[in-house]
Ligand code: F6R
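In our numbering, the protein residues as written are 962 to 1321.
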């Protein structure tokens, strides 16, 4: 049950330190710089020339995060929306196709992975449900171990998918001639182990709840970010539209000026995702929007100065640059939740949506 919570969604957001501990448990050894995934062995990527990740909705955003992280480790990976993974996409025996699906039952994702299998690709699934259709059909199921998710809006499973994909990225990097530089791998794995504590620190603050009250009368909510933060910008917008019913869109930071800027008015709030680095592209595009009256809410690590660009800010703990986006995502989950709550929306069961979409 929901216990002391009014909604499963908040319970599930709050459970992320615990669910991520389970995702990681026994799989990382920062001192040895090692990742162990039950189903996988060394040399799995031998003969693989390209990795395709296929998924829908929130799982697609996790797949985008995962492919970007793999690219950073030198792995040629691309994320595809399962519905667009048609026969026009070149797939052969040198392809590894990874289905990312919480339920393991999404019809569009199953169609995509079956198509890849038919063309001779190796197949793997990143899923939450043991014994699900996808787990039974692929060569290699890898479980995210997030526990059952009741809220229709996916929260804890996104985080566990992203972390599982980052473990896969580390595992595959071993098979590449150049690999991940060793010192960095140890730092990354150590940061991954600290992630549950960082999330707990974030959950213990009330920033997102307070901030949500200031934006209830806005006409549109945009979310912008670059690279890893782009996937979270899309996820932030999806979550926001699903449960608040307000107009929300995610854009790559640099894309704002190529059209969407025409929509920006003083009635627009723009959640601006900043990394620990200079984030020049995101800052300059946010400044452009601010000059047109937009309210800029930055989501940035504690140590980052946002005074020149932010009207308001949400803070996240400092961590490894590859994990900043996952903390930002949790602030955005909270913003969506508290906004929907103030607007008295039916948070756990939004209109027109089902937890698992088993039709094409
Ligand atoms: C959004 C959401 C959906 C699912 C999508 C895929 O909050 O839950 O967008 O992510 O329908 O579902 P799975 O991961 O079960 O394949």
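From the three backbone atoms N, C-alpha and C, an ideal C-beta is built for every residue, glycine too.
Cβ-Cβ distance between residue i and residue j below 8 Å
| i | j | result |
| --- | --- | --- |
| residue 1218 | residue 1249 | yes |
| residue 1153 | residue 1284 | yes |
| residue 1081 | residue 1048 | no |
| residue 1012 | residue 1046 | no |
| residue 1001 | residue 1175 | no |
| residue 1058 | residue 1074 | yes |
| residue 1044 | residue 1069 | yes |
| residue 1270 | residue 1231 | no |
| residue 1311 | residue 1169 | no |
| residue 1123 | residue 1027 | yes |
| residue 1197 | residue 1290 | yes |
| residue 1226 | residue 1254 | yes |
| residue 1096 | residue 1088 | yes |
| residue 1093 | residue 1065 | yes |
| residue 1260 | residue 1277 | yes |
| residue 1309 | residue 1111 | yes |
| residue 1125 | residue 1103 | yes |
| residue 1210 | residue 1221 | yes |
| residue 994 | residue 1143 | yes |
| residue 1036 | residue 1134 | yes |
| residue 1116 | residue 1025 | no |
| residue 1041 | residue 1195 | no |
| residue 1239 | residue 978 | no |
| residue 1286 | residue 1243 | no |
| residue 1314 | residue 1292 | no |
| residue 1136 | residue 1010 | no |
| residue 1099 | residue 1038 | no |
| residue 1108 | residue 980 | yes |
Contacting residues, own chain, Cβ-Cβ under 7 Å from residue i (five flanking each side not counted)
| i | result |
| --- | --- |
| residue 1029 | 1188, 1189 and 1192 |
| residue 1106 | 983, 984 and 1121 |
| residue 1321 | 1068, 1069 and 1072 |
| residue 975 | 1164 |
| residue 1281 | 1148, 1149 and 1152 |
| residue 972 | 963, 964 and 966 |
| residue 1241 | none |
| residue 1018 | 1199 |
| residue 1294 | 974, 1116 and 1200 |
Any chain D beta carbon closer than 8 Å to residue i
| i | result |
| --- | --- |
| residue 1114 | In summary, chain D is missing from the structure at hand, where a single protein chain is found. |
Close-in-space but distant-in-sequence residues of the same chain around residue i (CB under 6 Å, 5 per side omitted)
| i | result |
| --- | --- |
| residue 1264 | 1279 |
| residue 1318 | 1067 |
| residue 1368 | Any question about residue 1368 goes unanswered here, given that the chain covers just 962 to 1321. |
| residue 1101 | 1000 and 1085 |
| residue 1208 | 1181 |
| residue 1272 | 1256 and 1257 |
| residue 1145 | none |
| residue 968 | 1308 and 1309 |
| residue 1408 | The requested residue 1408 does not occur in the structure, where the chain is confined to residues 962 to 1321. |
| residue 1127 | 1030 |
| residue 1130 | 1030, 1031 and 1034 |
| residue 1316 | 1113 |
Same chain, Cβ closer than 8 Å to residue i, five either side skipped, listed in chain order
| i | result |
| --- | --- |
| residue 1229 | 1179, 1180, 1181, 1182, 1183, 1250, 1254, 1255 and 1256 |
| residue 1177 | 1300, 1303 and 1304 |
| residue 992 | 1147 |
| residue 1090 | 1063, 1064, 1065, 1066 and 1096 |
Any non-hydrogen atom of ligand 3 closer than 7 Å to residue i Cβ
| i | result |
| --- | --- |
| residue 1317 | In the structure shown, ligand 3 is absent; the only ligands present are ligand 1. |
Checklist entry - Along the chain, which unbroken stretches of the beta strand (DSSP E) at least 3 residues long are found entirely within the segment 962-1043? => result You should have 1011-1016 and 1038-1042.
Checklist entry - What runs of the beta strand (DSSP E), each 3 residues or longer, lie entirely inside the segment 1161-1198? => result If only complete runs of 3 or more residues are kept, the segment 1161-1198 shows the beta strand (DSSP E) at 1181-1186, in order along the chain.
Checklist entry - For the 8 Å Cβ check, are there 3 or more pairs between the segment 1162-1175 and the segment 994-1008? => result no
Checklist entry - How about the segment 1029-1039 and the segment 981-995: do they share at least three Cβ pairs that are nearer than 8 Å? => result no
Next on the checklist: Contact between the segment 1169-1186 and the segment 1291-1311 is defined here as three or more beta-carbon pairs at a separation below 8 Å; is this criterion met?
Outcome noted: yes
Checklist entry - Counting only runs that start and end within the segment 1195-1279, where is the beta strand (DSSP E) found for 3 or more residues in a row? => result The qualifying runs are 1209-1213, 1229-1234, 1256-1262 and 1273-1277.
Next on the checklist: Going residue by residue through the segment 1065-1131, where are the continuous beta strand (DSSP E) segments of at least 3 residues, counting only ones entirely within it?
Outcome noted: 1083-1088 and 1101-1104
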